[in-house]
Amino acid sequence: MGLDGDLENGKCITQTVLEEIKKPLIDKSNESVTDQDGGSITMVLLSTFVAVCGSFEFGTCMGYSAPTQAGIREDLGLSLAEYSVFGSIVTIGAMIGAITSGPIADISGRKGAMRMSAIICLVGWIAVYFAQGALSLDIGRFCTGYGIGVLSYVVPVFIAEITPKNLRGGLTTVNQLMICTGVSVAFIVGTLINWRLLVLTGLIPCVILLVGLCFIPESPRWLVGVGLMVFQQFGGINGILFYASETFVAAGFSSGKLGTVAMGCVQIPITALGAMLMDKSGRRPLLMFSSTGTCLGCLLTGTSMFLKTHGMLPDWVPILALSGILLFLGSFSLGMGAVPWVMMSEIFPINIKGMAGSLVTLVNWFGSWAVSFTFNFLMSWSSSGTLFLYAGVCALTIVFVAKVVPETKGRTLEEIQADMNNNS
12 MGLDGDLENG
22 KCITQTVLEE
32 IKKPLIDKSN
42 ESVTDQDGGS
52 ITMVLLSTFV
62 AVCGSFEFGT
72 CMGYSAPTQA
82 GIREDLGLSL
92 AEYSVFGSIV
102 TIGAMIGAIT
112 SGPIADISGR
122 KGAMRMSAII
132 CLVGWIAVYF
142 AQGALSLDIG
152 RFCTGYGIGV
162 LSYVVPVFIA
172 EITPKNLRGG
182 LTTVNQLMIC
192 TGVSVAFIVG
202 TLINWRLLVL
212 TGLIPCVILL
222 VGLCFIPESP
232 RWLVGVGLMV
242 FQQFGGINGI
252 LFYASETFVA
262 AGFSSGKLGT
272 VAMGCVQIPI
282 TALGAMLMDK
292 SGRRPLLMFS
302 STGTCLGCLL
312 TGTSMFLKTH
322 GMLPDWVPIL
332 ALSGILLFLG
342 SFSLGMGAVP
352 WVMMSEIFPI
362 NIKGMAGSLV
372 TLVNWFGSWA
382 VSFTFNFLMS
392 WSSSGTLFLY
402 AGVCALTIVF
412 VAKVVPETKG
422 RTLEEIQADM
432 NNNS
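When you line the sequence shown up against my numbering, it's residues 12 to 435, in that order.
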């Protein structure tokens, strides 16, 4: 028995060794994963490079006044007090920029905040270049100060949100490195050229930042949180809800009473169904199904409006309109109505959840106002065109959910945060 056991063990070991020898040195499946990771790292590095152009801009702005003091005072005849105002007013602008940077970054996105800052800095540098007196110098310097005040917050936050955890420390440090580089470049180049030409050291990184922002992705947390709220509202829900009676009349009903009663009956049970499915089917399937249904509902309603306008198939117009609006409302109640609010509470870290949540809610209410205010004007312009426009927004929602929104079902808040950090 002992000998037989040893022989069997020997055969197993030999077979295992032979299987290992037969394996290729480079597994194709692993290679594809590596390639994909390499592509992601490349985009992270590109995004970081673009963002730290803002850090370099910060440095050149801070270092600009030192090598230019004698030249500016001589050319423009500034007193010491006037030049002191010019040198220090940048910090006043930066303080205001820092105060407003958080709300701006959360409302318009990290990219939007950097884009706005770059434009303001461009305006400021141009004002300095063409300055003929203290006033235009101070205005330009204040503008650049405001821009770098926003950049001082947004750039490190953006880098931290897009980089994987194993690179986050090193890449966020590049922010400070580029600030120091910008100061040094301003000091060194400022000894070689006059103060007007030195403005180019601030203009060039602004231009690179503006162009580069067109090719890098938005911060994933902001994109998901704000994006869902934008698509929720601009799909037309509050326009149709607020003016349901007139919408039914426009579709050929003698009054909107039947339609509004039907809408009221549909909402409650389907919303309850969505609540029951939330933790069973998951967030993403509900969003996909819901946005598909709202798109089809808008298409049906828009088709009914088109037929009525052109006097075609009059018997079908009310049926299509009622079916379309009920399909739209039911689909919205199933997913798009509730899921964005649930996901908003899940994707933001605890330390910024209050501020981020309030700003995302602000975006939601702004979208609600914009849709409800413009709905009647759009319907007067083209009733069918309005519904087809909303259908287009709903179609974009499908793409957005498929490409960007993560699944959070059955996961703790800590697991969701870790995944957002790793995948950002």
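We put the CB at the ideal spot given by N, CA and C, even for glycine.
This structure is a prediction, so every number in the text was calculated from the model and none was measured.
So, Lys278 versus Gly378, is the Cβ gap smaller than 8 Å?
Here the question's residue 278 lines up with position 267 in the sequence shown. Here the question's residue 378 lines up with position 367 in the sequence shown. Looking at the sequence provided, one finds Gln at residue 278 rather than Lys. Not in contact: Gln278 and Gly378 (Cβ atoms no closer than 8 Å).
With Val416 and Leu239 assumed to form a contact (beta carbons below 8 Å), what rounded beta-carbon distance in angstroms separates them?
Working through the sequence shown from its first residue, we reach residue 416 at position 405. Working through the sequence shown from its first residue, we reach residue 239 at position 228. Indeed, because the Cβ distance is near 7 Å, the residues count as touching under 8 Å.
Can you tell me where the alpha helix (DSSP H) holding Cys405 begins and where it ends?
Indexing the sequence shown from 1 puts residue 405 at position 394. Run containing Cys405: 394-414, per the alpha helix (DSSP H) assignment.
Hey, how far is the Cα of Phe458 from the Cα of Thr397?
A question about residue 458 goes unanswered here, because the residues of the chain that appear run from 12 up to 435.
Give the C-beta separation of Val410 and Ile227 to the nearest angstrom, bearing in mind that I take them to be a contact with Cβ-Cβ under 8 Å.
Mapped onto the sequence shown, residue 410 falls at position 399. Mapped onto the sequence shown, residue 227 falls at position 216. The Cβ separation is near 19 Å, so there is no contact.
Is Ala262 helix, strand or coil by DSSP?
Working through the sequence shown from its first residue, we reach residue 262 at position 251. Coil at Ala262, not helix or strand.
If we count the other Cβ atoms within 10 Å of its Cβ and call it buried at 16 or more, is Thr25 buried or exposed?
For the purposes of this step, residue 25 is identified with residue 14 of the sequence shown, where counting begins at 1. Annotation note: pLDDT 44 at Thr25 (below 50); position unreliable, no value reported.
Only counting the same chain, and skipping five residues up and downstream in sequence, which positions put a Cβ closer than 6 Å to that of Thr305?
Within the sequence shown, the letter at position 294 stands for residue 305. So the list reads Gly246, Phe339, Ser342, Phe343, Cys405, once near-sequence residues are dropped.
Does the beta-carbon distance from Leu407 to Phe153 come in below 8 Å?
Here the question's residue 407 lines up with position 396 in the sequence shown. Here the question's residue 153 lines up with position 142 in the sequence shown. The answer is no: Cβ separation not under 8 Å.
Please tell me whether Pro216 has its Cβ less than 8 Å away from any Cβ of chain D.
In the displayed structure, chain D is absent; only one protein chain is listed.
Find the nearest neighbour of Gly285 within the set Met323, Val353, Met125, Cys309, judged by alpha-carbon distance.
Taking the first residue of the sequence shown as position 1, residue 285 is located at position 274. Looking at the Cα atoms, Val353 is the closest of the given residues.
Please go through the same chain and pick out, in chain order, the residues whose beta-carbon is closer than 7 Å to the beta-carbon of Ser334, but skip the five residues on each side of it.
For the purposes of this step, residue 334 is taken as residue 323 along the sequence shown, with counting starting at 1. Taken in chain order, the residues that qualify are Leu311.
Just to confirm, is the Cβ distance from Met125 to Leu224 under 8 Å?
Taking the first residue of the sequence shown as position 1, residue 125 is located at position 114. Taking the first residue of the sequence shown as position 1, residue 224 is located at position 213. A contact, by the Cβ cut-off of 8 Å.
For Glu229, does the three-state DSSP call read helix, strand or coil?
The sequence position of residue 229 within the sequence shown is 218, counting from 1. It is coil, neither helix nor strand.
In whole angstroms, what is the alpha-carbon distance linking Phe198 and Leu182?
Here residue 198 refers to the residue found at position 187 of the sequence shown. Here residue 182 refers to the residue found at position 171 of the sequence shown. Rounded to whole angstroms, Phe198 to Leu182 spans 25 Å at the Cα level.
Can you name, in chain order, every residue of its own chain whose Cβ lies under 8 Å from the Cβ of Val101, other than the five neighbours on each side?
As a first step, residue 101 must be located in the sequence shown, where it is residue number 90. The answer, listed in chain order, is Cys72, Met73, Ser76, Arg152, Phe153, Thr155, Gly156, Ile159.
Please classify Thr174 as buried or exposed, where buried requires at least 16 other C-beta atoms within 10 Å of its C-beta.
Indexing the sequence shown from 1 puts residue 174 at position 163. So Thr174 counts as buried.
If you reduce the DSSP assignment to three classes, tell me which class Pro216 lands in.
Counting from 1 along the sequence shown, the entry for residue 216 is found at position 205. If DSSP states are grouped into helix, strand and coil, Pro216 belongs with the helices.
Measuring alpha carbon to alpha carbon, tell me which of Gly144, Ile251, Phe141, Ser95 ends up nearest Trp380.
Start at 1 with the first residue of the sequence shown, and residue 380 comes out as number 369. Out of Gly144, Ile251, Phe141, Ser95, Ile251 has the C-alpha closest to the C-alpha of Trp380.
Between Ala402 and Gly313, what straight-line distance do the alpha-carbon atoms span, to the nearest angstrom?
As a working mapping, residue 402 is identified with position 391 in the sequence shown. As a working mapping, residue 313 is identified with position 302 in the sequence shown. The alpha-carbon atoms of Ala402 and Gly313 are separated by roughly 9 Å.
Name the residue from Leu234, Phe253, Asp326 whose alpha carbon lies nearest to the alpha carbon of Gly120.
Walking along the sequence shown from the start, residue 120 turns up at place 109. Selected option, being the one with the closest Cα: Leu234.
Is the beta carbon of Ala262 closer than 8 Å to that of Pro325?
Working through the sequence shown from its first residue, we reach residue 325 at position 314. Working through the sequence shown from its first residue, we reach residue 262 at position 251. Against a cut-off of 8 Å, the Cβ pair of Ala262 and Pro325 comes out as no contact.
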